[in-house]
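Engineer: Right, I'll just put the structure down here and ask away after.
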Amino acid sequence: MLSPNFGSYAVAPSATAQARTKRRWQRLKMGVPAGELVFDGFTAATALITLSLVVAIVVVLAISAWPALVRFRAGFLVGTEWDPVNEQFGALPFIYGTAVSSLLALLVAAPFGIGVALCLSELAPDWLSNILGFLVELLAAIPSVVYGLWGIFVLGPFLRDAVEPALARYLGFLPLFQGPRVGVSMLSAGAILAVMVVPFISAVCRDVFAAVPDNLREAAFALGATRWEMVRLAVLPYSLSGIVGAIILGLGRALGETIAVAMVIGNRSVISASLFMPSTTLASAIANEFTEATSDIYVAALIELGLVLILVSLLINVTARLMIYKLTAQRFTR
Amino acid sequence: MKTVEPHVDARRMWRKFKSGAMMTAAVLATLLTLVPLFLVLGYLVKQGVNGINWAFFTRLPRPVGEPGGGMGNAVLGTLEVVGLASVLAVIVGVGTGIYLSEPGRNRSVANGVRFAADVLMGVPSIVVGIFVYAVVVRPMGGFSALAGAIALAVMMTPLVARTTEQALSMVPAELRESALALGIPRWRTSLSVVARTAARGITTGVLLALARIAGETAPLLFTAFGNQYWSTSLRRPIAALTVQVYTYAISPFEDWHRQAWAGALVLTAMVLVVEGVVRSISGRGLRTPR
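As you go down the protein sequences, you meet chains L and B in turn. For the first sequence, our numbering begins at 1 and goes up steadily by one. For the second sequence, our numbering begins at 1001 and goes up steadily by one.
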């Protein structure tokens, strides 16, 4: 009685495998419905295009920047001289300007963005939260060239005539706030970026706060917590990595913002400690000089600036997305 | 009679005060954030409204020093480039969205596609411009409206893909199951039942993405390039409102600054009207993905 059973156990897997193969073969002979094939094939092809775009962008930029890559090597990243006439290309002033203007923007935008998100998700009643959320979204919808225009004619002069004298008077002992006041400056770029990044950070933070389970909030209130204590004990600890992700994502947006910055920063490739001085960024330099670049090596050097920019922003985006996914995964990615 | 010890009472007052202060700070942050919105829009209307007249929409730009003229070619160019970009982005983006929520639903490659789409949203727009310059402008031998449209489509595709997927995922599973139970093939179920139910959400997503990319300047600078004359040819450079505003704003001429404000007002009005109308129709919950 036992031995035939053992025997059948021994052959069973291969028998089912054979049956499966046979079934598949029969199905293949009958043919998959044409509609199924076309539908799956077409949508998969479009998905593949989306998937490959990011890789394609990096590869194409690397190939186009190749002449500059092999000619300047690592010196490109640390060189401070940007002299197209003598074919001297160093990217440090651009990297410095990008970093400082973005960090300046985040210094303002991060607390404001979190504050807005807290106000909308924890404080305001639904109807008010909808209206305010709509207005904040509008802030994100205004084209960056319009921000730039406003920056040139309104914000720049305002900073020059009202804010910078005050800063120089009270904080002038810091090298940050010394020097001439011309209206186009690192400070204007930081300010305009801050305005542009706040709605971004607040939108991501709102999503993250919405992912906090309500029973955590109720538990905190039940223990007698005030509203702020509830936020501090229930909402913030749960969403910490999402908040950090939102800020990093905001940093990515600030680094890559082009037109508004190009219009207000003054485009001068010199590293200066003063925030009142004109500066430049990776993105704004490309926007300004690309169509005027005459020699092949000049174009390649500009594209290499773009390569630096995209590699940094890819690193930032991947990090931030992973931090945010952890929290909002159930809600936003199925 | 219950008595509260004084230090407990004081502590409770302090906690309440702290809570009130933090919440006030959050409200203040919101109000301060909205100040630039009203400042920008207010200034835009004040400076731009005088420059808007019939000629603005029908005339070509005049050379410096000659008064009058308009940005008719740029308005037309923006409509053409954005329109073509939308067609491309809808084909690829909606296809990707359907793949993510239908055939690719349980495949691990779908997570890769989602991730790539999210990362693509964060690629700086100027870099997209360089990419299209290298793969379209150089091989074609010059700037063109087609290149501009492709650049905008690259930016628009991930937005459309993610909103489409989101809209499809809101369709109740019962609907899909009942269609399959009736013996309708999988692909017909996906297209005629699921996608059709979500059609309104998909349209909303496309329109929001369209409003977002219509305001892009950087990817057009060295793809569509700009043009001082009327042109609708896909193979030639074409004017766009955003590029025109940028060029005029950084010029030293008073006349051109006035035109720039008018152009910016028209551009912003176009974008905000689409955004506002779409949101008021679709109600809450839908946001441009980031």
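For every residue, glycine included, the Cβ atom is placed at its ideal position computed from N, Cα and C.
Are S185(L) and V1127(B) close, meaning C-beta to C-beta below 9 Å?
Structural biologist: Cβ distance not < 9 Å, so S185(L) and V1127(B) don't count as in contact.
Engineer: On a CA-only basis, which of L176(L), N130(L) and I63(L) is nearest Y1133(B)? Give me that one, please.
Structural biologist: Minimum Cα distance to Y1133(B) is reached at I63(L).
Engineer: Could you list which residues in chain L have their beta carbon closer than 7 Å to that of T1163(B), in chain order?
Structural biologist: What T1163(B) touches in chain L: nothing, since even the nearest Cβ is about 11 Å away.
Engineer: My assumption, with CB atoms under 8 Å, is that E1102(B) sits in contact with V1194(B). Please give the rounded CB distance.
Structural biologist: Indeed they touch by this definition, with Cβ atoms about 7 Å apart.
Engineer: Can a CB atom of chain L be found closer than 9 Å to the CB of E1254(B)?
Structural biologist: Not an interface residue.
Engineer: For the alpha helix (DSSP H) containing I1052(B), list its first residue and its last residue.
Structural biologist: Where I1052(B) is concerned, there is no enclosing alpha helix (DSSP H), given that its DSSP letter is neither H nor E.
Engineer: Use the C-beta contact count for F1038(B): other C-beta atoms within 10 angstroms, 16 or more gives buried, fewer gives exposed.
Structural biologist: The residue is exposed, with fewer than 16 neighbouring Cβ atoms inside 10 Å.
Engineer: For the alpha helix (DSSP H) containing W1230(B), list its first residue and its last residue.
Structural biologist: Careful: W1230(B) lies outside any alpha helix (DSSP H) and carries neither H nor E.
Engineer: Whose CA, out of Y170(L), G306(L) and F290(L), lies closest to the CA of P84(L)?
Structural biologist: P84(L) has its Cα closest to that of F290(L), out of Y170(L), G306(L) and F290(L).
Engineer: Give the list of continuous alpha helix (DSSP H) stretches no shorter than 4 residues that lie fully inside the stretch 120-156 of chain L.
Structural biologist: If we require 4 residues or more, the alpha helix (DSSP H) runs fully inside the stretch 120-156 of chain L come out as 126-141 and 144-150.
Engineer: If we ignore side chains and look at the alpha-carbon of each, how far apart do P4(L) and R23(L) end up?
Structural biologist: Low confidence applies to P4(L): its pLDDT is 44, below 50, so where it sits in the model is not reliable enough to give any reading.
Engineer: Taking T258(L) as the reference, give the member of F173(L), L193(L) and I114(L) with the closest Cα.
Structural biologist: Selected option, being the one with the closest Cα: L193(L).
Engineer: Since Y96(L) is in the alpha helix (DSSP H), which residue starts that stretch and which ends it?
Structural biologist: Residues L92 to L118.
Engineer: Residues in its own chain within less than 7 Å of G151(L) by CB, not counting five upstream and five downstream?
Structural biologist: Only S188, I192, A260, M263 and V264 meet the Cβ criterion.
Engineer: Can you tell me whether Q88(L) is helix, strand or coil according to DSSP?
Structural biologist: In this structure, Q88(L) counts as strand in the three-state DSSP scheme.
Engineer: Using only alpha-carbon positions, find the residue among L1272(B), W1261(B), V1277(B) and V1273(B) that is nearest to L1044(B).
Structural biologist: The shortest Cα separation from L1044(B) among L1272(B), W1261(B), V1277(B) and V1273(B) belongs to W1261(B).
Engineer: State the Cα-Cα distance for the pair R268(L) and G115(L), rounded to the nearest angstrom.
Structural biologist: Near 35 Å, if we compare the C-alpha coordinates of G115(L) and R268(L).
Engineer: Applying a beta-carbon distance threshold of less than 7 Å, which residues of chain L neighbour I1250(B)?
Structural biologist: By Cβ distance, chain L contributes M263.
Engineer: For V1238(B), which of helix, strand or coil comes out of DSSP?
Structural biologist: Correcting the residue type first, residue 1238(B) is Ile in the shown sequence and not Val. Residue state, collapsed to three classes: strand.
Engineer: Measuring only the C-alpha atoms, how far is L1234(B) from S1125(B)?
Structural biologist: Answer to the nearest angstrom: the Cα atoms are 21 Å apart.
Engineer: Output the distance between the C-alpha atoms of F332(L) and A211(L), rounded to the nearest integer angstrom.
Structural biologist: Annotation note: pLDDT 43 at F332(L) (below 50); position unreliable, coordinate value reported separately. Whole-angstrom Cα-Cα distance: 10 Å.
Engineer: Given that a residue counts as buried once 16 or more other Cβ atoms are within 10 Å of its Cβ, and exposed if not, what is I57(L)?
Structural biologist: I57(L) should be labelled buried.
Engineer: Go through the stretch 194-245 of chain L residue by residue and report every complete run of the beta strand (DSSP E) that reaches 3 residues or more, in order.
Structural biologist: Counting whole runs of 3 or more residues, the stretch 194-245 of chain L contains no beta strand (DSSP E) stretch at all.
Engineer: Can you tell me where the alpha helix (DSSP H) with V184(L) in it begins and where it stops?
Structural biologist: Note, V184(L): premise wrong, no alpha helix (DSSP H); not H, not E.
Engineer: If A1240(B) sits next to A1074(B), beta carbons under 8 Å apart, how far is it from one beta carbon to the other, in whole angstroms?
Structural biologist: Yes, they are in contact, since the Cβ atoms of A1240(B) and A1074(B) sit about 6 Å apart, within 8 Å.
Engineer: State the beta-bridge partners of S279(L) as determined by DSSP.
Structural biologist: Note: S279(L) sits in a beta bridge opposite G266(L).
Engineer: Would W228(L) pass as an interface residue toward chain B - the criterion being a Cβ-Cβ separation below 9 Å?
Structural biologist: With 9 Å as the cut-off, W228(L) counts as an interface residue toward chain B.
Engineer: Mind listing which residues of the stretch 1111-1128 of chain B have their C-beta closer than 9 Å to chain L's C-betas, in chain order?
Structural biologist: So the close ones are N1111, G1112, V1113, R1114, F1115, A1116, A1117, D1118, V1119, L1120, M1121, G1122, V1123, P1124, S1125, I1126, V1127 and V1128.
Engineer: List, in chain order, every chain L residue whose beta-carbon is nearer than 7 Å to that of K1046(B).
Structural biologist: Simply none; closest approach about 10 Å.
Engineer: By how many angstroms is the C-alpha of A19(L) removed from the C-alpha of L2(L)?
Structural biologist: Note that L2(L) scores 43 on pLDDT, short of 50, meaning its location in the model is unreliable and no value can be drawn from it.
Engineer: Output the boundary residues of the alpha helix (DSSP H) element that contains M1071(B).
Structural biologist: Careful: M1071(B) lies outside any alpha helix (DSSP H) and carries neither H nor E.
Engineer: At the 9 Å Cβ level, is P1185(B) part of the contact set with chain L, yes or no?
Structural biologist: True, the Cβ-Cβ gap to chain L drops below 9 Å.
Engineer: Is there contact between the stretch 133-149 of chain L and the stretch 218-233 of chain L, where contact requires at least three CB pairs shorter than 8 Å?
Structural biologist: Too few Cβ pairs lie closer than 8 Å, so no.
Engineer: Rounded to the nearest angstrom, what separates M1022(B) and I316(L) at their Cα positions?
Structural biologist: The straight-line gap from Cα to Cα measures roughly 30 Å.
Engineer: What span of residues does the alpha helix (DSSP H) with M1170(B) cover, start to end?
Structural biologist: That residue, M1170(B), is in no alpha helix (DSSP H); it is neither H nor E in DSSP.
Engineer: Identify the contact partners of R321(L) in chain B, using a Cβ-Cβ distance below 9 Å as the criterion.
Structural biologist: Result: F1115, D1118, V1119 and G1122.
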